[in-house]
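A.B. asks: I am attaching a structure below and will ask some questions about it afterwards.
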Amino acid sequence: MAEPKSASTNPEALSAGGGADALPAPAEIHGNRCRCSACRIAMHVADSPKPSVCPYCQAKMTVTSYVLPPATAVAQEVAGDDVAAKLRRLYARPRHGMMIALFLLGTGLLATAVYFQVSNFESYWYAPLVNLYSLIAGIFIVSRFLLAAFYHAPADTGFEPTVTVIVPCRNEQDAIGRTIDHIYSEGYPLRKKEVVVVNDGSTDQTLAEMLKAQARHPTLVIVDFETNRGLCHGMAVATLMARGEFLVFVDSDTFLFPGAVRKVVQGFVDPMVGGIAGHTDVENATKNLLTKMQDVRYFFSYKIMKAAESVFGAVSCLPGCFSAYRRTCVMHVLDRWLNTKFMGVYGDFGDDRSMTNFIFKDYRILYDDEALATTLAPENWKQYIRQQARWNRSYVREVFVAGKFMWRKHPVPALSWYAMMVMPIVEPVVIVSAMIVAPIQSGAMTPSYVIGVMAITLVWSLHFLQHTGRKHWWTGFIFTITYTLFFSWQAYYALLTMRRTKWGTR
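Just so we're aligned: the sequence shown equals residues 138 to 643 in the working numbering.
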């Protein structure tokens, strides 16, 4: 690409009547738009190699030139000035007195739950399903904490391969520019980092925001689907174009911390590792009660559930918000993954779990809690319900897919997986039995179930408080209540709506 003209010799640099003191006009940055009319797909490149053929049909692409909008400055927070303050906000020390008091309360509740389990052992036949489920669920959760205690993040060995950071996107005009700026500012050597963003037929100003970001970061590669094709196709086309040895998938509303890319690829030193999940907190946690609740849940799902699974290299899902894959592994399964059908339709809603299962069958999957990012969680209940419905459809489908090969893995994660297959299906029946049938028959809810649920909720909420110092730890109980009354039933709803394949959050 030719050097831009110096502003001092550019005839347009002086404004009319401004004289020698006028500010120079910025030099224009030109890009190339390479389009395949048959596939209705276009690539926008400025300072990156120009693609000559369509990644789908391999037909020659037509090339036209375009002028990028004027570059704008990167926000201070993205540039790294506020990173330390952000970390202090996310991770602080709680008051010791509060922790001791809450610890004693949690211990008392757990002791009570154990007492009810032991004392009611001879009476199990009065409510066998509820009592047995309570026992199994309690053992499962306790085992997660015990296993997570043995977790260690992959060591930083100085591994520095080439990577391609991929951001599939639809209707994210408010966040996509900031996401891209964070990717370029996180510190991985630019000569070894490629960034590809995919606009999946957005109906807002997402593409315009991507072009503004390209003006700030000319090496950015933009893929534009002229019509909506689905999240899986967005991931697939970027994988086909990628030049990096490893792929780092980032959601369009996820913001990487400095060093996140370098840290998340360290575990790939082991050639048997096929994928690694980074750690993601909720960016907008303080927005309202719903986002606070999700913040507590996110922390538990990563720091306890994924940490426990990672001990055996058996992380069950690489979240789309921030995860890395070995590209050769993805290319090996890409065609099968992209063309997988469930109940007669292509399952575009199960992108991350489905890809994880394809890789997990033959490779180890890890979690790195030192590779940090934050993501925007749904801020209203409508968005949250739609997101949970999509996640549940993915979970219901993929949990049975993995069940076909999990028996070949280590017996501890295998046993846990089969327990997770059964518990969500049985749980709604248990809830009805414990909270509706039992009061009708005996005048009181089943105590072992209710106290057990409250004790477990308190334990993981306190774990969140202990490690983060965030004062909204108590919203973990809000999650438990809403899950018990409503979201536990979504496993059945997922089965009934399995043919729906929308993005699910907008």
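Glycine residues also receive a C-beta, built at the ideal position from the N, C-alpha and C atoms.
How is aspartate 158 classed by DSSP in three states: helix, strand or coil?
C.D. replies: Sequence index remark: in the sequence shown, residue 158 carries index 21 (1-based). Confidence in aspartate 158 is poor, its pLDDT being 44 and thus under 50, which makes the residue's placement unreliable; the coordinate value appears in the next sentence. Three-state result, aspartate 158: helix.
A.B. asks: By Cβ distance, which residues of its chain are closer than 6 Å to arginine 399, with the 5 residues on each side in sequence left out?
C.D. replies: For the purposes of this step, residue 399 is taken as the residue at position 262 of the sequence shown. Within the same chain, arginine 399 has close Cβ partners Tyr325.
A.B. asks: Give the straight-line distance between the Cα atoms of histidine 370 and leucine 475, rounded to the nearest whole angstrom.
C.D. replies: Walking along the sequence shown from the start, residue 370 turns up at place 233. Walking along the sequence shown from the start, residue 475 turns up at place 338. Cα to Cα, the separation comes out at about 7 Å.
A.B. asks: Serine 202 to threonine 301, Cα distance in whole Å?
C.D. replies: Along the sequence shown, one-based indexing puts residue 202 at 65. Along the sequence shown, one-based indexing puts residue 301 at 164. Straight-line Cα distance between these residues: approximately 25 Å.
A.B. asks: Determine whether the beta carbon atoms of valine 433 and tryptophan 610 lie at a separation below 8 Å.
C.D. replies: Looking up residue 433 in the sequence shown gives position 296. Looking up residue 610 in the sequence shown gives position 473. Yes, Cβ-Cβ distance for valine 433 and tryptophan 610 is below 8 Å.
A.B. asks: Report buried or exposed for asparagine 425, applying the criterion of at least 16 other Cβ atoms within 10 angstroms of its Cβ.
C.D. replies: Within the sequence shown, the letter at position 288 stands for residue 425. Exposed.
A.B. asks: Would you identify the three-state DSSP class for lysine 424, choosing helix, strand or coil?
C.D. replies: As a working mapping, residue 424 is identified with position 287 in the sequence shown. Coil.
A.B. asks: Quick check: the Cα distance between alanine 510 and phenylalanine 436, rounded to an integer number of angstroms?
C.D. replies: Residue 510 sits at position 373 when you count from the first residue of the sequence shown. Residue 436 sits at position 299 when you count from the first residue of the sequence shown. About 12 Å.
A.B. asks: So, at 7 Å on beta carbons, what are the nonlocal neighbours of tryptophan 626 in its own chain, with the 5 sequence-adjacent residues on each side left out?
C.D. replies: Translated into the one-based positions of the sequence shown, residue 626 becomes position 489. Excluding positions up to five away in sequence, the list reads Pro565.
A.B. asks: By a C-beta neighbour count over all protein chains shown, 10 Å radius and 16 as the cutoff for buried, is alanine 562 buried or exposed?
C.D. replies: Position 425 of the sequence shown holds residue 562. Sequence check: residue 562 is isoleucine here, not alanine. Looking at its Cβ environment, which holds fewer than 16 other Cβ atoms inside 10 Å, isoleucine 562 is exposed.
A.B. asks: Under 8 Å: do the stretch 346 to 354 and the stretch 298 to 317 share three or more Cβ pairs, one atom per stretch?
C.D. replies: Taking 8 Å as the limit for Cβ pairs, the verdict is that the stretch 298 to 317 does touch the stretch 346 to 354.
A.B. asks: Return the first residue and the last residue of the beta strand (DSSP E) that lysine 330 is part of.
C.D. replies: Here residue 330 refers to the residue found at position 193 of the sequence shown. Here the beta strand (DSSP E) through lysine 330 covers 330 to 337.
A.B. asks: Can the beta-carbon of threonine 477 be found closer than 8 Å to that of glutamine 403?
C.D. replies: To locate residue 477, count along the sequence shown from 1; it is residue 340. To locate residue 403, count along the sequence shown from 1; it is residue 266. No, the pair does not count as a contact, with Cβ atoms beyond the cut-off.
A.B. asks: Counting Cβ pairs, one atom from each stretch, are 3 or more of them under 8 Å apart for the stretch 494 to 506 and the stretch 443 to 455?
C.D. replies: Touching, yes.
A.B. asks: Fully enclosed by the stretch 278 to 352, which alpha helix (DSSP H) runs are 4 residues long or longer?
C.D. replies: Listed in chain order, the complete alpha helix (DSSP H) runs (minimum 4 residues) inside the stretch 278 to 352 are 313 to 322.
A.B. asks: For alanine 526, count neighbouring Cβ atoms within 10 angstroms of its own Cβ and tell me buried if that reaches 16, exposed if not.
C.D. replies: Indexing the sequence shown from 1 puts residue 526 at position 389. Classification of alanine 526: buried, given that the 10 Å Cβ count is 16 or more.
A.B. asks: In three-state DSSP terms, what is alanine 551?
C.D. replies: Position 414 of the sequence shown, counting from 1, holds the residue named residue 551. Here alanine 551 sits in helix by DSSP.
A.B. asks: From which residue to which residue does the alpha helix (DSSP H) around phenylalanine 495 run?
C.D. replies: Start at 1 with the first residue of the sequence shown, and residue 495 comes out as number 358. It spans 488 to 497 - the alpha helix (DSSP H) in which phenylalanine 495 sits, taken as one unbroken run.
A.B. asks: Use the C-beta contact count for methionine 409: other C-beta atoms within 10 angstroms, 16 or more gives buried, fewer gives exposed.
C.D. replies: Counted from its first residue, the sequence shown places residue 409 at position 272. With fewer than 16 other Cβ atoms within 10 Å, it is exposed.
A.B. asks: Taking 8 Å as the threshold, find out whether the stretch 542 to 561 comes into contact with the stretch 601 to 617 through three or more Cβ pairs.
C.D. replies: Taking 8 Å as the limit for Cβ pairs, the verdict is that the stretch 601 to 617 does not touch the stretch 542 to 561.
A.B. asks: Can you give me the Cβ contacts of glutamate 346 inside the same chain, cut-off strictly under 7 Å, excluding the 5 residues immediately before and after it?
C.D. replies: The residue you call residue 346 lines up with position 209 of the sequence shown. Here the set comprises Gln310, Ile313, Gly314.
A.B. asks: Within 10 Å of its beta-carbon, does valine 536 have 16 or more other beta-carbons around it, so buried, or fewer, so exposed?
C.D. replies: In the sequence shown, counting from the first residue as 1, residue 536 sits at position 399. Buried is the call here.
A.B. asks: Could you tell me which of Ile178, Pro186, Pro291, Asp407 sits nearest to serine 339, measuring between CA atoms?
C.D. replies: Locating residue 339 in the sequence shown gives position 202, where the first residue counts as 1. Looking at the Cα atoms, Ile178 is the closest of the given residues.
A.B. asks: How many Å lie between histidine 167 and proline 206 at the Cα?
C.D. replies: Start at 1 with the first residue of the sequence shown, and residue 167 comes out as number 30. Start at 1 with the first residue of the sequence shown, and residue 206 comes out as number 69. One C-alpha to the other measures close to 9 Å.
A.B. asks: From Ala556, Tyr228, Gly580, pick the residue whose C-alpha is nearest to that of alanine 129; which is it?
C.D. replies: Since the first residue of the chain shown is 138 and the last is 643, residue 129 is not available in this structure.
A.B. asks: In this structure, what does DSSP give as the bridge partners for threonine 417?
C.D. replies: Within the sequence shown, residue 417 is the residue found at index 280, counting from 1. Its beta-bridge partners are Ala510.
A.B. asks: If you draw a straight line from the alpha carbon of arginine 170 to that of serine 460, how long is it in whole angstroms?
C.D. replies: Reading the sequence shown from its first residue, position 33 is the one you call residue 170. Reading the sequence shown from its first residue, position 323 is the one you call residue 460. Computed Cα separation, rounded: 29 Å.
A.B. asks: Quick check on the DSSP output: the alpha helix (DSSP H) that includes aspartate 472 runs from which residue to which?
C.D. replies: As a first step, residue 472 is located in the sequence shown; it is residue number 335 there, counting from the start. Here the alpha helix (DSSP H) through aspartate 472 covers 464 to 475.
A.B. asks: When burial is assigned at 16 or more other CB atoms within 10 Å of the CB, is threonine 391 buried or exposed?
C.D. replies: The sequence position of residue 391 within the sequence shown is 254, counting from 1. Result: buried.
A.B. asks: Could you please give the first and the last residue of the uninterrupted alpha helix (DSSP H) stretch that includes tyrosine 228?
C.D. replies: One-based indexing of the sequence shown puts residue 228 at position 91. Looking at the DSSP string, tyrosine 228 is not in any alpha helix (DSSP H), and its letter there is neither H nor E.
A.B. asks: Alpha carbon to alpha carbon, how far is methionine 492 from leucine 368?
C.D. replies: Counting from 1 along the sequence shown, the entry for residue 492 is found at position 355. Counting from 1 along the sequence shown, the entry for residue 368 is found at position 231. The straight-line gap from Cα to Cα measures roughly 12 Å.
A.B. asks: What's the C-alpha gap between isoleucine 726 and glycine 415?
C.D. replies: Since the displayed the chain opens at 138 and closes at 643, residue 726 lies outside it and no answer follows.
A.B. asks: Please report the residue range of the alpha helix (DSSP H) in which methionine 543 lies.
C.D. replies: The sequence position of residue 543 within the sequence shown is 406, counting from 1. Unbroken run through methionine 543: none, as it is neither H nor E.
A.B. asks: Is arginine 463 closer than 8 Å to phenylalanine 383 when the C-beta atoms are compared?
C.D. replies: Translated into positions along the sequence shown, residue 383 becomes position 246. Translated into positions along the sequence shown, residue 463 becomes position 326. Going by C-beta atoms, phenylalanine 383 is nearer than 8 Å to arginine 463.
A.B. asks: Could you compute how far the alpha carbon of glutamate 363 sits from the alpha carbon of histidine 469?
C.D. replies: Residue mapping note: residue 363 aligns to position 226 of the sequence shown, counting from 1. Residue mapping note: residue 469 aligns to position 332 of the sequence shown, counting from 1. Using only the alpha carbons, I get a separation of about 27 Å.
A.B. asks: Can you list, in chain order, the residues of its chain whose CB lies under 6 Å from that of alanine 208, leaving out five sequence neighbours each side?
C.D. replies: Start at 1 with the first residue of the sequence shown, and residue 208 comes out as number 71. Same-chain partners within the cutoff: Ala352, Arg353.
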